[in-house]
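K.L.:
One structure coming up, written as structure tokens, with questions to follow.
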Amino acid sequence: MRIDVLTLFPEMFQVPFSFGIFKRAIDHKLISINLHNIRDYTHDKHHTADDYPYGGGSGMVLKPEPIFEAIEAIKSEIHFEEEKNTLPIILLTPQGRLFSQQIALELSGYSHLILICGHYEGIDERVREHLVTDEISIGDYVLSGGELAAMVLVDAVVRLVPGVLGSAASPIDDSHTTGLLEYPQYTRPPVYREWAVPEVLLSGNHAQIAKWHREQSIIRTAGRRPELLNKANLSLEERQKIDRLLGKQSKVV
Ligand code: 6GU
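Per my numbering, the very first residue in the sequence shown carries number 1088; after that it's consecutive.
See below:
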């Protein structure tokens, strides 16, 4: 998968993309991330990427020309019409559709994505109308720019690209894919400050352990995020257990 990112601050991406799964995925050529400074596509000697809003108002607005030209430069390297026409051009903005595991999964199916990091007070509307194919927000709060949102999106998408997580971990089991939150995890020592690890986990009985994991996931989801249970794949017995749980217990576990 190839990801092109248009930003005023390409340096912000250096650290996160140099560690962990990103570094491994880039080194193994499973993904390539190309950073483009929007200022490099300006033509005046001050490299002006933003300007005052028509009609007045506070803040600056990103100019359309450098953004159109950057995308056209990227597209000129694509030789297949089909890819050019289906390529997602995603604007990160608080006005976009709310990002989710479902959207991450959808985006992980593309071989190429372009991300535009919005900044200042806004972006010229013509970019939205005539260039962008999708707008995404990562949550109902305001960030000062789209960069951190782009990093969140790239992280969530890249780990779904086959091979990126390696063979041990599978994103299929992730919470928000299963609809259930993760069960509690323990490691050594078996007793720490008199707090013992649940006995079943030390039993070596794999069937009992799997049953406990499942139960704990359900209890935890019912306590913290009951609305997630609607999309979880639960047996009738499990549904009945939850009804009893939610009826009797209101404490968050
Ligand atoms: Cl994508 N951009 C900005 N500036 N703020 C946000 C956001 C994006 N998503 C949530 N808040």
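Backbone N, C-alpha and C fix where the C-beta goes; we use that ideal spot for every residue, glycine too.
Quick one: measure Cβ to Cβ for Ile-1190 and Ile-1223, integer angstroms, because I've assumed they're closer than 8 Å.
P.N.:
7 Å
K.L.:
Is DSSP giving Arg-1215 helix, strand or coil here?
P.N.:
Helix.
K.L.:
Kindly identify the DSSP beta-bridge partner or partners of Asp-1221.
P.N.:
Ile-1177
K.L.:
Does the distance between the C-beta of Ser-1290 and the nearest non-hydrogen atom of the ligand 6GU fall short of 8 Å?
P.N.:
The beta carbon of Ser-1290 sits no closer than 8 Å to any heavy atom of the ligand 6GU.
K.L.:
Going by C-alpha distance, which of Ser-1322, Thr-1135, Trp-1299 and His-1263 is nearest Glu-1314?
P.N.:
His-1263
K.L.:
Identify whether Ser-1304 lies in helix, strand or coil by the three-state DSSP scheme.
P.N.:
Assigned with DSSP and collapsed to three states, Ser-1304 falls in helix.
K.L.:
Buried or exposed: where does His-1293 fall if 16 or more other Cβ atoms within 10 Å of its Cβ makes it buried?
P.N.:
exposed
K.L.:
Closest to Arg-1301 by CA distance: which of Val-1214, Arg-1331 and Leu-1267 is it?
P.N.:
Leu-1267
K.L.:
Out of Tyr-1270, Pro-1271, Val-1244 and Glu-1286, which one is the CA nearest neighbour of Pro-1342?
P.N.:
Only positions 1088 to 1340 of the chain appear in the structure, and residue 1342 is not among them; the question remains open.
K.L.:
With 16 other CB atoms within 10 Å as the buried threshold, where does Leu-1178 fall?
P.N.:
buried
K.L.:
Ser-1105: beta carbon under 8 Å from a heavy atom of the ligand 6GU?
P.N.:
no
K.L.:
In the structure shown, what three-state DSSP assignment does Val-1092 receive?
P.N.:
strand
K.L.:
Based on DSSP bridge pairs, tell me the residues matched to Asn-1172.
P.N.:
Under the DSSP definition of a beta bridge, Asn-1172 lacks any partner.
K.L.:
Measuring CA to CA, which of Val-1244, Leu-1200, Glu-1216 and Tyr-1128 is closest to Leu-1095?
P.N.:
Tyr-1128
K.L.:
Compute the distance between the beta-carbons of Ile-1165 and Leu-1093, then report whether it is under 9 Å.
P.N.:
no
K.L.:
Among Ile-1306, Leu-1218, Asp-1261 and Ala-1283, which one has its Cα closest to the Cα of Lys-1171?
P.N.:
Leu-1218
K.L.:
Going by DSSP in three states, Ala-1236 sits in which element: helix, strand or coil?
P.N.:
helix
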